[in-house]
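Protein chains in written order, with our numbering: chain A, 146 to 415; chain B, 22 to 326. A short worksheet on the structure shown next.
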Amino acid sequence: MSFPRKIVFYFLLLFSAFLLFFPVLYAFMISFMTGGEIMQGKFFPQTFTLDNYFRVFERLPLMKYLMNSFVVSTGVMIGQLIVCSMSAYAFVFIPFKGRDFIFFLFISTMMIPWEATMIPNFFTIQKLDWTNTYQGLTVPFFALAFGTFLLRQHFKTIPKELFEASQIAGLSRFAFFWRVILPVSKTSLVTLGAYGFLTTWNMYLWPLLVTNNDQVRTVQIGLKQLQSQEVATEWGVVMAGVIVVIIPTLLLLFIGQKQLQKGLTQGALK
Amino acid sequence: MKKSSASFYEKQSFWRKSLNARTALLYLFPSVLLFIVFVFYPMFRTIYLSFFLTDQHGSAALFVGLENYAYILESQAFRNSIKATVLFVLYTVPAGVILALFLALIANEKLKGIGFFRTIYSSTMGISVAASSVVWLFLFHPSIGMFNRLLSLVNLPEVQWLLDPDWALLSVSISTIWLNTGFSFLILLGGLQNIDGYLYESAKIDGAGYWYQLRRITIPMLSPTLFFIITISLINAFQSFGQIDILTKGGPSQATNLIVYSIYREAFVNYQFGTASAQAVFLFLCILIVTIFQFKFGERKVHYQ
């Protein structure tokens, strides 16, 4: 690439990066500011004190919320991995009558927006007595058509000869699934796992519906509480809460960005 | 691959085949059960409830036929909400896809330190709707928010971003575009990297310039990915909720009362589960139409390798 063109591209890259990241950067700066500094509209805090962070943990049971979010996200992640890999395995390695029909059922779930079914789901959770429980926040999301398709794409690239060989070697179906298929599909499983964790951590409407006390409430609902309590005065405390909430998922994304991009594109398109 | 596996399975007896079906069902059972309980049953239940007046516990109380539908279609509030939703889709989808495409194109160049930019551009995917909305709530703040500070810096009149009915939907859209950029960017970048590099090499030998390559190679080859991301953005826009709940609560004067927020309020604030279900069926139909339309017409214009 020629030198002037390089300059143009670097300029565009830097400019876009600054604009896009500005809200996060600004929130980060504000989380260290005193009320007065925020009123004056400063960009850099005078000193980087952690006062706001201490205070946000005092105002809210934030540690508990973080723990809850972690449990719920990990739970959904593991549940999705188990349920989706099982169904993907059946679709790829077990030929049976009615496979097309069941496959169609899976596709059709993608056309039903989750929000259109939330009213009966809310009452189902109530009837099961799952309000304010971890299972109420996790179990409804274990089955995922997208996850099944993503894994199915990867399973399809595994040579059928491997299956034939495993049969000759006397491996049972489940042993083949557990000891051969899952280990060779590690990359897809990691992608789906990261995706599941991320989307669950960021979930908003469902936790709002099925939790009404601090017992299992997630950080996202904590943010809503924080914002409605503190908004008038203490933006620094609110932003400290925001930073605490986004750090786990940002880290996950920074580490797994390449992997996620590869995996999601494959799952989406092939 | 299909042929060899077919002949392999033909050798198996009928009994063995039915064993296959039973084993398969065992593996599919968790998914199928969960789909029935949390997707299909509630979908039919929603349709059923939409024909009834309900009590406080969401049980059907009185059959009213299509009256719930007649009621919502006539109600000014619901019409408003449809109008807001359509506008919201128009504000967020084209702009969002174009922005993500631009970022993916500049981040697809082979330059030093490009990994850093890719990470930054995909970062909003790791940010929740609640966190992003709280940050934007501050940016939009009438007196201490950054936008009004910038406006007053260049001597322009202040704007009541979230309080003015003419601006509120646009403001919410801006925050939504920002939030969705990360995901769209990541998918589009993946699509760009899947394009065979050899296509560009032969174009370069023919002396084709950047824009020519973009129009003749990149965009056509990227069309399946673009098609996918447009569909996802459309569906996402229809399903938006969190940003409304935190930024505007549907106001001012219902200017941002998007359909999911309207369903939520009707059901869980007003306890009108019948009319809320009718609205939910309406949302379902909208998304169904979008999906079918995209599959039917979008796919033809798409170039597949």
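Quick reminder that beta carbons are idealized off the backbone N, C-alpha and C, glycines included.
Asked, Found
"Contacts of N215 (chain B) in chain A (Cβ-Cβ under 7 Å)", "T410"
"Residue-chain proximity (Y198 (chain A), chain B), Cβ-Cβ < 7 Å", "no"
"T75 (chain B): first and last residue of the uninterrupted beta strand (DSSP E) it sits in", "73 to 75"
"Opposing strand residues paired with A81 (chain B) [DSSP bridges]", "B:T75"
"Closest residue to Q275 (chain B) among B:A299, B:L183, B:N215 (Cα-Cα distance)", "B:L183"
"Proximity to L158 (chain B) [Cα-Cα], best of A:L368, A:L158, A:T192", "A:L368"
"Own chain partners of M208 (chain A) with C-beta closer than 8 Å, once the 5 adjacent residues on each side are dropped", "F202"
"Candidates A:F286, A:G401, A:Q374, of which the one nearest V155 (chain B) by Cα", "A:Q374"
"Simplified DSSP state of R324 (chain A), which is helix, strand or coil", "helix"
"Cβ contact check for the segment 252 to 262 of chain A and the segment 279 to 296 of chain A: 3 or more pairs under 8 Å", "yes"
"Residue ranges of each alpha helix (DSSP H) within the segment 285 to 318 of chain B, 4 or longer", "294 to 314"
"Cβ contact check for the segment 263 to 270 of chain B and the segment 232 to 251 of chain B: 3 or more pairs under 8 Å", "no"
"Distance between beta carbons of F72 (chain B) and G86 (chain B), contact taken as under 8 Å", "6 Å"
"Exposed unless 16 or more other CB atoms sit within 10 angstroms - verdict on N169 (chain B)", "buried"
"Neighbourhood of Q402 (chain A) by C-beta, 7 Å cutoff - its chain only, sequence neighbours within 5 removed", "none"
"Three-state class that DSSP yields for K322 (chain B) in the structure shown", "Reliability fails at K322 (chain B), whose pLDDT of 47 lies under 50, so the model's placement of it is uncertain and the value that follows must be treated cautiously. Helix."
"CB contact flag (Q372 (chain A), V383 (chain A), <7 Å)", "yes"
"Supposed contact pair S143 (chain B) and G203 (chain B) - C-beta distance, whole angstroms, cut 8 Å", "5 Å"
"Cross-chain neighbours of G318 (chain A) in chain B, by beta carbon under 7 Å", "Before going further, note that residue 318 (chain A) is Arg rather than Gly in the sequence given. Within 7 Å Cβ-Cβ: T44."
"Where the alpha helix (DSSP H) through K301 (chain A) begins and ends", "290 to 301"
"Nearest-angstrom Cβ-Cβ length linking F161 (chain B) and S261 (chain B), presumed shorter than 8 Å", "That belief does not hold up - the Cβ atoms of F161 (chain B) and S261 (chain B) are roughly 17 Å apart, past 8 Å."
"Interfacial residues, the segment 137 to 156 of chain B to chain A, with Cβ spacing under 9 Å", "F137, F138, R139, T140, I141, Y142, S143, S144, T145, M146, G147, I148, S149, V150, A151, A152, S153, S154, V155, V156"
"7 Å CB neighbourhood of T296 (chain B) in its chain, flanking five on each side removed", "N89, Y92, I93, E287"
"M146 (chain A), buried or exposed, once every other Cβ within 10 Å from all chains shown has been counted against 16", "exposed"
"Three-state class that DSSP yields for L174 (chain B) in the structure shown", "helix"
"Contacting residues, own chain, Cβ-Cβ under 8 Å from G224 (chain A) (five flanking each side not counted)", "T283, V284, F286, F287"
"Within 7 Å, strictly: CB atoms of F294 (chain B) and L83 (chain B)", "no"
"Given 8 Å, three or more beta-carbon pairs between the segment 210 to 230 of chain A and the segment 333 to 347 of chain A", "yes"
"Local Cβ density within 10 Å of L124 (chain B), reported as buried at 16 or more and exposed below that", "buried"
"I208 (chain B) - containing alpha helix (DSSP H), residue span", "186 to 214"
"Which of helix, strand or coil DSSP assigns to I165 (chain B)", "coil"
"Simplified DSSP assignment, three categories, for E309 (chain A)", "helix"
"Residue from A:L195, A:D196, A:S176 with nearest C-alpha to K187 (chain A)", "A:S176"
"Neighbour flag for Q260 (chain B) against chain A, beta carbons, 7 Å", "yes"
"DSSP-derived helix/strand/coil call for Y92 (chain B)", "helix"
"Under 7 Å between C-beta atoms of G211 (chain B) and T332 (chain A)", "no"
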